[in-house]
Amino acid sequence: MFFYKTTMDRRDFLKTLAAAGALVTVKSSGMMDVMASTMPSSATADGNADLAAIMNGEPAAMLEAAMKELGGISRFIKKGDKIVIKPNIGWDRTPELAGNTNPDLLEALIRMCQDAGAAEIKVFDHTCDNWSRCYDHSGIEAMVKKVGATMVPAHEQSYFQNVEIPGAKTLKNAMVHKAIIECDKWINVPVLKNHGGALMTCAMKNHMGIVWDRRAFHSRGLHQCIADICTYKPAVLHIVDAYRTLATNGPQGRSASDVVLTKALFASPDIVAVDTAAGKFFTGINKNIKFEDIEHIPDGQKLGLGTMDLESINVKRVRL
Amino acid sequence: MLRKIRTALAIAVIAILTFGFIDFAGIIDNPLLQKIQFGPALLSLSIVTLVCLIAATLLLGRLYCSVICPLGIFQDFFNWLSKKFDKKKKYGYKPERPWLRWAVLVALIIAWLCGFTFLVGLLEPYSAYGRMADELFRPVYLFGNNLLAAISEKTGNYRFFKVLISLKSIAAFVVAILTLLVIGHFSYHYGRTWCNTICPVGTLLGFFSRFSLLRIRIDKDKCNHCLACQRKCKAYCIDSANQKIDYSRCVDCFDCIDACKQKAIYYGPVKCSRNPKENPETDTVDESKRQFLKSTLAIAALAPAALEAKVTGKKDERVPMSPPGSVSHRNLLQHCTACHLCVSKCPSHVLKPAGLEYGLGGMMQPVMKFDDGYCNYDCNLCSQVCPAGAIRPLTVDEKHHTQPGRVVFNKDICVVNVNRTSCGACAEHCPVQAIHMVPFIGGLTIPETTPELCVGCGGCEFICPVKAVHIEGNPIHLTAKEPDQDSNIQTQDFDFGF
Numbered sequence: 015m016f017f018y019k020t021t022m023d024r025r026d027f028l029k030t031l032a033a034a035g036a037l038v039t040v041k042s043s044g045m046m047d048v049m050a051s052t053m054p055s056s057a058t059a060d061g062n063a064d065l066a067a068i069m070n071g072e073p074a075a076m077l078e079a080a081m082k083e084l085g086g087i088s089r090f091i092k093k094g095d096k097i098v099i100k101p102n103i104g105w106d107r108t109p110e111l112a113g114n115t116n117p118d119l120l121e122a123l124i125r126m127c128q129d130a131g132a133a134e135i136k137v138f139d140h141t142c143d144n145w146s147r148c149y150d151h152s153g154i155e156a157m158v159k160k161v162g163a164t165m166v167p168a169h170e171q172s173y174f175q176n177v178e179i180p181g182a183k184t185l186k187n188a189m190v191h192k193a194i195i196e197c198d199k200w201i202n203v204p205v206l207k208n209h210g211g212a213l214m215t216c217a218m219k220n221h222m223g224i225v226w227d228r229r230a231f232h233s234r235g236l237h238q239c240i241a242d243i244c245t246y247k248p249a250v251l252h253i254v255d256a257y258r259t260l261a262t263n264g265p266q267g268r269s270a271s272d273v274v275l276t277k278a279l280f281a282s283p284d285i286v287a288v289d290t291a292a293g294k295f296f297t298g299i300n301k302n303i304k305f306e307d308i309e310h311i312p313d314g315q316k317l318g319l320g321t322m323d324l325e326s327i328n329v330k331r332v333r334l
Numbered sequence: 017m018l019r020k021i022r023t024a025l026a027i028a029v030i031a032i033l034t035f036g037f038i039d040f041a042g043i044i045d046n047p048l049l050q051k052i053q054f055g056p057a058l059l060s061l062s063i064v065t066l067v068c069l070i071a072a073t074l075l076l077g078r079l080y081c082s083v084i085c086p087l088g089i090f091q092d093f094f095n096w097l098s099k100k101f102d103k104k105k106k107y108g109y110k111p112e113r114p115w116l117r118w119a120v121l122v123a124l125i126i127a128w129l130c131g132f133t134f135l136v137g138l139l140e141p142y143s144a145y146g147r148m149a150d151e152l153f154r155p156v157y158l159f160g161n162n163l164l165a166a167i168s169e170k171t172g173n174y175r176f177f178k179v180l181i182s183l184k185s186i187a188a189f190v191v192a193i194l195t196l197l198v199i200g201h202f203s204y205h206y207g208r209t210w211c212n213t214i215c216p217v218g219t220l221l222g223f224f225s226r227f228s229l230l231r232i233r234i235d236k237d238k239c240n241h242c243l244a245c246q247r248k249c250k251a252y253c254i255d256s257a258n259q260k261i262d263y264s265r266c267v268d269c270f271d272c273i274d275a276c277k278q279k280a281i282y283y284g285p286v287k288c289s290r291n292p293k294e295n296p297e298t299d300t301v302d303e304s305k306r307q308f309l310k311s312t313l314a315i316a317a318l319a320p321a322a323l324e325a326k327v328t329g330k331k332d333e334r335v336p337m338s339p340p341g342s343v344s345h346r347n348l349l350q351h352c353t354a355c356h357l358c359v360s361k362c363p364s365h366v367l368k369p370a371g372l373e374y375g376l377g378g379m380m381q382p383v384m385k386f387d388d389g390y391c392n393y394d395c396n397l398c399s400q401v402c403p404a405g406a407i408r409p410l411t412v413d414e415k416h417h418t419q420p421g422r423v424v425f426n427k428d429i430c431v432v433n434v435n436r437t438s439c440g441a442c443a444e445h446c447p448v449q450a451i452h453m454v455p456f457i458g459g460l461t462i463p464e465t466t467p468e469l470c471v472g473c474g475g476c477e478f479i480c481p482v483k484a485v486h487i488e489g490n491p492i493h494l495t496a497k498e499p500d501q502d503s504n505i506q507t508q509d510f511d512f513g514f
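So the protein sequences, as listed, match chains A and B.
Taking this note's numbering, the leading residue of the first sequence gets 15, the next gets one more, and so forth.
Taking this note's numbering, the leading residue of the second sequence gets 17, the next gets one more, and so forth.
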């Protein structure tokens, strides 16, 4: 397909890395390690976008357009990689109710990774509601099986393993799902939703599904812990599903009247940038929420996870 | 031949019924064999089931006890086992002890009238078996599954998944173990003695089976009084010397038919000329029965007051929560035989056997606890499976508006208030916005509750790191209100916003 042509060779990659490193040093010298691993290729030399914002398309078409702007999936994953795709499957909801990531988007992404030569693709989420009902009613389990990827359970502590998080301020260690620990790279695919506590849930908040004990997050300071877990093993790419947006009564929603058909998608290797873009989009839909009040995004920037300054990065906006 | 059919049917029934209890994967979501059990049918007054079972007994005798009752089949297994170890095992004939059977039955009726349903459930055979299946057999099955899952996981296969094995309640475990030991002991040594002296269902069906159309009969001409049938009879009901059979105790196992070398025993219709009064026991029975009734009723008159004092004397700080569909604590208390089918079926591990939450009388009945999970908003499984009408069937929509309990928020220990950090886990888990976050000090948000909206699912209580929110049960379930819809929402002409 056309967007695979823009593959980086090693020299390009090193150049990119050096540029990223330089930028990071300027921005915040203290969090060098985290930044370098979080944003492997911000300010790319070859004109690839840092953030793609797509609108007015079906999920698969918007993903394709976004990846074209970002330089193709092979910018992020290599042949033979063991990949984990981590959607939000938190709630016992059907796709129409927008409680979980859109299965059509996930299907297109899995096929894309398969075409790029991924050796193994696992999909999981530590759900809030009963896991088998979530996996089933979200339509994700059936889709994953259909396309030949692996759906991994995450409802039992034995699927998780304790890890150190050296970059963390508060959450120095956590039980993280073995699939994340063992994979080469992972892709974070949140769904954009209203959230009773955090006002909005997106890429950063979606990390709560890779850990076992979420109560620890809540008792030790939610926002800091979310920012902390994002430093553990940063996803190579964040793809925000905003095809249907749960505008109110999130993160579960009560009925279809909470859902708005927004037909949008945001993708970036920079988690703070993607949450900023999604947040600004979201507060344009639910006007009761002020973007400034969504605290965990500036928290993430403070930790050096990425930038909220969308002017400073190469943003591509596409209306299909 | 008849015996073989009976055995095959019994094995099939107990296998399917047990699977209904141990099946965690939802392969059988709505077990049917559980619905035709006499005890729960009686307490739920499901007339159709009762009429069918009684009609079947009047037609065929107590076949129910041999092929439908799981505890009966379970006892036959022990009986079979005992014969494997003791090849020379013999039974004999013992006269009926009607006063004991009827005493137990009357005592149970009185206990039930006094709100002491626990005793009824304790002796009701299907429920006794259900508790064993749920507390004892299920963990073994789950353990096997987890072993399989661990092995297959190593090979990258996630077809099998691990499941939570938890001790739901120590009391329930102890009750199940004791049931196993007592039933095992009785059936290993004394055949069906339990069924014919203690079991209330046995007593009731025994009353009807006296008049059954088809029954075990002795061909007096062929019989040579060899006692072979009597020695085989695990119900001790064949008086071979007098060529008489006590049909109130015969469970139609057909063991005697196979034992008889003379082919003098057969299963066939009773002769029209036969007078039920021919059985000398029926007459003697009546007197003792009547006497017993009198004395027990006298005690019964005093019992409720004593019990009431006991129950109200024990004050629990929290009102327990009965499952949605159970209507009220009282309804649950009246109907639930504590078979634990709902407990075993609850996919979220919410339903647990009660200790003293409902008082002594409601022990072992299902109570909602949020230690291992919370009630799934769209799940109505417990209400669908209950065979006793203790949890009445609810549609998902009906369940959305049922309020078995409501949220209580204790701000003093909430992490937002105490630690001044953000949380909101409770609001996140609330499916109906009965908890939502409102502005607090310095940009923080703190929970605010709207109890009228609460459906008592316990999501908030389950996830709260400090248990600052909990659900207080409604002794009589209420209706949850619908929330208002937010209007400040853009539904078209979207902008990127950046």
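Even glycine gets a Cβ: it sits at the ideal position worked out from N, Cα and C.
Keep in mind the model is a prediction, meaning the values are calculated, not measured.
When rounded, the separation of the alpha-carbon atoms in A/V273 and A/I308 is 20 Å. If you keep only unbroken alpha helix (DSSP H) runs of at least 4 residues inside the region 134 to 198 of chain A, you get 145 to 151, 154 to 161, 192 to 196. Against chain A, a Cβ distance below 8 Å from B/M384 picks out nothing, because the smallest value is about 15 Å. Counting C-beta pairs closer than 8 Å gives fewer than three between the region 503 to 511 of chain B and the region 477 to 489 of chain B, which falls short of the contact rule.
Under the DSSP assignment, A/K316 falls in the alpha helix (DSSP H) whose first and last residues are 310 to 316. Among the CB atoms of chain B, one or more fall inside 8 Å of the CB of A/H237. Within the region 157 to 173 of chain A, T164, M165, V166, P167, H169, E170, S172, Y173 place their CB atoms closer than 8 Å to a CB of chain B, listed in sequence order. Look at the region 95 to 112 of chain B: it has no residue with a C-beta under 8 Å from a C-beta of chain A. At least one CB of chain B lies nearer than 8 Å to the CB of A/G210.
Burial is judged here by how many other beta carbons sit within 10 angstroms of a residue's own beta carbon; A/A133 has fewer than 16 and is exposed. DSSP places B/R346 inside the alpha helix (DSSP H), whose first and last residues are 345 to 351.
Put simply, the CB of A/D64 is far from chain B, with every gap to its CB atoms at 8 Å or more.
Under the Cβ distance rule, B/H445 counts among the residues neighbouring chain A, one pair being separated by less than 8 Å. Around A/P312, the same chain offers M322 as residues with beta carbons nearer than 8 Å, after the five sequence neighbours per side are excluded. The distance from the Cβ of A/P109 to that of A/S152 is about 7 Å, consistent with a contact at the 8 Å cut-off. The beta carbon of A/I308 sits no closer than 8 Å to any beta carbon of chain B. Between the C-alpha atoms of B/A280 and B/C249 there is a straight-line separation of about 15 Å. In the displayed model, A/K100 falls within a strand according to three-state DSSP. Cβ-Cβ separation between B/C266 and B/R22: approximately 13 Å, too far for a contact (criterion under 8 Å). Counting along the chain, B/L25 sits inside the alpha helix (DSSP H) bounded by residues 18 to 38.
Of all residues in the region 406 to 438 of chain B, only V431, N435, T437, S438 place a beta-carbon less than 8 Å from a beta-carbon of chain A. When DSSP reads this structure, A/S282 sits in a beta bridge with A/H252. For A/P265, the closest of A/V225, A/K219, A/K294, A/F305 by C-alpha to C-alpha distance is A/K219. Listed along chain B is no residue with a C-beta nearer than 7 Å to that of A/L319; the closest approach is about 17 Å.
Considering only A/L77, A/C142, A/Q175, A/C127, the residue with the shortest C-alpha distance to B/H445 is A/C142. The alpha carbon of B/D262 has as its nearest neighbour, out of B/D271, B/C242, B/F223, the alpha carbon of B/F223. Across the structure, B/I63 and B/P336 are spaced so that their CA atoms are roughly 31 Å apart. When the beta-carbon positions are compared, B/V383 and B/Y374 come within less than 8 Å of each other.
Assignment of B/I52 by DSSP, reduced to helix, strand and coil, places it in the helix class.
Annotation: the continuous beta strand (DSSP E) that includes B/T465 extends over 461 to 465. With 16 or more other CB atoms across the displayed protein chains lying within 10 angstroms of its CB, B/L58 is buried. Inter-residue distance for B/G405 and B/Q381 is about 13 Å (C-alpha atoms, whole angstroms). DSSP, reduced to helix, strand and coil, places B/D255 within a strand of the structure shown. Rounded to whole angstroms, B/P56 and B/G207 show a C-alpha spacing of 25 Å. Nearest CB-CB separation between B/G341 and chain A: not below the 8 Å threshold. DSSP, read as helix, strand or coil, puts B/P141 in helix.
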